[in-house]
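A short write-up of the structure that comes next.
Given below as structure tokens:
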């Protein structure tokens with residue numbers, strides 16, 4: 028089952044999986060940032076097996092000149108004990124369906140250079156194209 032997480036207890040379940048990727052987050056910073064991001068359109072969706080969250084994704088609909096109206100995937104993480112079992116594929120396919128329903132032209136994401144397994148998943152399994160590098164400058 029895939030669900031849009033909205034209640035605090037659901038978000039807390041999602042947080043525990045998300046923290047595997049975003050290790051710097053505390054429960055407090057997660058909820059503080061989530062409230063701000065939610066106002067901008069951010070949503071967290073989760074793939075469940077029974078009552079357990081197996082994978083989560085954080086998304087936002089955006090518009091820009093190079094991707095048009097699209098869904099941007101900020102986060103996509105499968106719990107370490109549940110990897111390679113199809114949860115990430117189900118969740119990303121759900122986001123693609125959601126994007127079509129919203130009239131989006133694309134689903135866009137970025138992935139850290141060190142995440143080679145994730146890149147293989149996006150390119151080979153999910154048929155995403157590597158179209159750019161993301162550059163960042165700490166201030």
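Residue numbers (this note's numbering): 28 to 166.
Cβ coordinates follow ideal geometry from the N, Cα and C atoms, glycine included.
Option nearest residue i by Cα separation, candidates the options
i: residue 108; options: 149, 29, 84 and 76; result: 76
i: residue 47; options: 36, 149, 78 and 102; result: 102
i: residue 86; options: 161, 154, 159 and 136; result: 136
i: residue 11; options: 126, 165, 43 and 63; result: Given a span of 28 to 166 for the chain in the structure shown, any question on residue 11 remains unanswerable.
i: residue 144; options: 121, 125, 115 and 163; result: 115
i: residue 67; options: 138, 88 and 37; result: 88
i: residue 62; options: 78, 34 and 146; result: 34
i: residue 140; options: 130, 157 and 64; result: 157
i: residue 130; options: 104, 64 and 90; result: 90
i: residue 30; options: 134, 138, 45 and 82; result: 82
Separation of residue j from residue i, as counted between CA atoms
i: residue 18; j: residue 106; result: The chain is shown only over 28 to 166; residue 18 falls outside these bounds and no answer can be derived.
i: residue 50; j: residue 142; result: 15 angstroms
i: residue 32; j: residue 98; result: 17 angstroms
i: residue 95; j: residue 153; result: 21 angstroms
i: residue 119; j: residue 28; result: 13 angstroms
i: residue 70; j: residue 80; result: 15 angstroms
i: residue 92; j: residue 123; result: 20 angstroms
i: residue 132; j: residue 39; result: 31 angstroms
i: residue 128; j: residue 111; result: 27 angstroms
i: residue 59; j: residue 53; result: 10 angstroms
i: residue 100; j: residue 36; result: 22 angstroms
i: residue 126; j: residue 117; result: 14 angstroms
i: residue 150; j: residue 78; result: 30 angstroms
i: residue 113; j: residue 155; result: 17 angstroms
Buried or exposed by the 16-neighbour rule on C-beta atoms within 10 Å, applied to residue i
i: residue 84; result: buried
i: residue 160; result: exposed
i: residue 162; result: exposed
i: residue 41; result: buried
i: residue 166; result: exposed
Residue ranges of each beta strand (DSSP E) within the region 66-141, 3 or longer: Listed in chain order, they are 70-76, 79-91, 95-105 and 133-136.
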